Amino acid sequence: MKPIHIITLIAFISSITSIICGFILDVDYSQKLIGFGVIGLFLIVFPLFSYYRWKGKNAKDYMLTKENLDKMRENQREKKI
Numbered sequence: 021m022k023p024i025h026i027i028t029l030i031a032f033i034s035s036i037t038s039i040i041c042g043f044i045l046d047v048d049y050s051q052k053l054i055g056f057g058v059i060g061l062f063l064i065v066f067p068l069f070s071y072y073r074w075k076g077k078n079a080k081d082y083m084l085t086k087e088n089l090d091k092m093r094e095n096q097r098e099k100k101i
């Protein structure tokens with residue numbers, strides 16, 4: 021596995037563990053555990069995952085530009101025939 025994949029997996033597991041411990045444990049800082057878990061998911065795990073999955077891809081291929089819309093319409097016409 022690649023190092024970024026391992027780091028993302030460890031961050032994901034620790035964030036989920038923090039959220040679950042916040043719900044299960046009856047301590048004064050349980051709400052902070054839940055909060056840190058959610059922050060970890062959205063500020064660490066999601067950007068790392070997005071970088072890992074989008075690395076090397078062209079974002080223009082996935083945008084709805086006039087050229088891409090024309091290609092989609094052309095493909096739909098070919099499928100109907």
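For the sequence shown, the numbering used here gives the first residue as 21, with consecutive numbering after it.
Backbone N, C-alpha and C fix where the C-beta goes; we use that ideal spot for every residue, glycine too.
Please read all numbers here as calculations on a predicted model, not as lab measurements.
Whose C-alpha, out of the options, is nearest the C-alpha of residue i?
i, options, result
"residue 27", "86, 98, 64, 84", "64"
"residue 58", "74, 40, 44, 46", "40"
"residue 55", "68, 89, 34, 67", "34"
Leaving out five residues before and five after residue i in sequence, what residues of the same chain have Cβ atoms less than 7 angstroms from its Cβ?
i, result
"residue 25", "72"
"residue 62", "none"
Give me, in chain order, the residues of the same chain whose beta-carbon lies closer than 6 angstroms to that of residue i; leave out the 5 immediate sequence neighbours on both sides.
i, result
"residue 50", "42"
Within 10 Å of its beta-carbon, does residue i have 16 or more other beta-carbons around it, so buried, or fewer, so exposed?
i, result
"residue 53", "buried"
"residue 38", "buried"
"residue 70", "exposed"
"residue 60", "buried"
Cutting at 8 angstroms between CB atoms, please list the residues of its own chain near residue i, excluding the five before and the five after it.
i, result
"residue 45", "53"
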